[in-house]
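Protein chains in written order, with the working numbering: chain W, 1407 to 1519; chain U, 764 to 872. Report on the following structure.
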Amino acid sequence: EAQVTQNPRYLITVTGKKLTVTCSQNMNHEYMSWYRQDPGLGLRQIYYSMNVEVTDKGDVPEGYKVSRKEKRNFPLILESPSPNQTSLYFCASSSGQRGDEQFFGPGTRLTVL
Amino acid sequence: KNEVEQSPQNLTAQEGEFITINCSYSVGISALHWLQQHPGGGIVSLFMLSSGKKKHGRLIATINIQEKHSSLHITASHPRDSAVYICAVPIYNTDKLIFGTGTRLQVFP
Chain W
1407 EAQVTQNPRY
1417 LITVTGKKLT
1427 VTCSQNMNHE
1437 YMSWYRQDPG
1447 LGLRQIYYSM
1457 NVEVTDKGDV
1467 PEGYKVSRKE
1477 KRNFPLILES
1487 PSPNQTSLYF
1497 CASSSGQRGD
1507 EQFFGPGTRL
1517 TVL
Chain U
764 KNEVEQSPQN
774 LTAQEGEFIT
784 INCSYSVGIS
794 ALHWLQQHPG
804 GGIVSLFMLS
814 SGKKKHGRLI
824 ATINIQEKHS
834 SLHITASHPR
844 DSAVYICAVP
854 IYNTDKLIFG
864 TGTRLQVFP
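Take a look at the structure:
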């Protein structure tokens, strides 16, 4: 089954404790992206990757890092989480053809205390 | 001014009613996406269209590129259609999506 998986689905952590949210897709997609969703603000792009070893900042990259060492994986790293990073996070992937459908992961609800 | 605007923000309907959700955008686009976010949070892609009209079951999406406007219609609405509907447009010639803030639809029996 074609899918995007994220782990963990739920996470409660404390300020400053480094964490990683994993994202994996099995569709051989070139394009992968991370979004955060906050009430009243909608989905905003954090980082994206056009292909292996190619990443770029989205609209709200501060406080986040990503890597793309393999085509299928695109982890999101919070080196020193802060309460303003409490949010719902989505990973998505697409073939990379302009305007192609994006497939979304199930979401990770993160709470930083 | 947001580059992608949706209306209405909230919508309630009785089962069986015809629903219309609107999306206007100000950027040049190659295609427009309609997404559905279920109450549990998951997001699924409903349509991607660059011209005309697409239909899938009770859902119909239309787009007018000249007027920079798209509509999502739901015929014979059902309580299981209750969700947030989001339109998104890619910046022209890129994969970067800009999202509307969504329309929350509740359909009552």
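All residues carry an ideal CB built from backbone N, CA and C; glycine is no exception.
With a threshold of 9 angstroms between beta carbons, U:Phe862 makes contact with chain W. Under the 8 angstroms Cβ criterion, the segment 772-787 of chain U does not count as touching the segment 1467-1487 of chain W, having fewer than three qualifying pairs. Looking at the DSSP output, U:His836 bridges to U:Thr783 and U:Ile823. With a beta-carbon spacing of about 12 angstroms, W:Tyr1470 and W:Asp1462 fall beyond the 8 angstroms limit used to define contacts.
Sixteen is the threshold: when 16 or more other Cβ atoms of the shown chains lie within 10 Å of the Cβ of W:His1435, as they do, the residue is buried. Taking 9 angstroms as the cut-off, the Cβ atoms of U:Lys816 and U:Ile806 do not count as close. Beta-bridge pairing by DSSP links W:Thr1421 to no other residue.
The Cβ atoms of U:Ile782 and U:Val870 lie closer than 9 angstroms to each other.
Distance from U:Gln769 to U:Gly863 at the Cβ level is roughly 4 angstroms; contact confirmed, criterion being Cβ atoms closer than 8 angstroms. It is roughly 14 angstroms from the alpha-carbon of W:Ile1483 to the alpha-carbon of W:Leu1494. Between U:Leu795 and U:Val852 the beta-carbon gap is near 5 angstroms, inside 8 angstroms, which marks them as a contact.
In this structure, the alpha-carbon of W:Gln1409 lies about 26 angstroms from that of W:Pro1445. In this chain, the beta strand (DSSP E) harbouring W:Lys1463 covers Val1460 to Lys1463.
DSSP places U:Pro842 within a helical segment (H, G or I) once states are collapsed to three.
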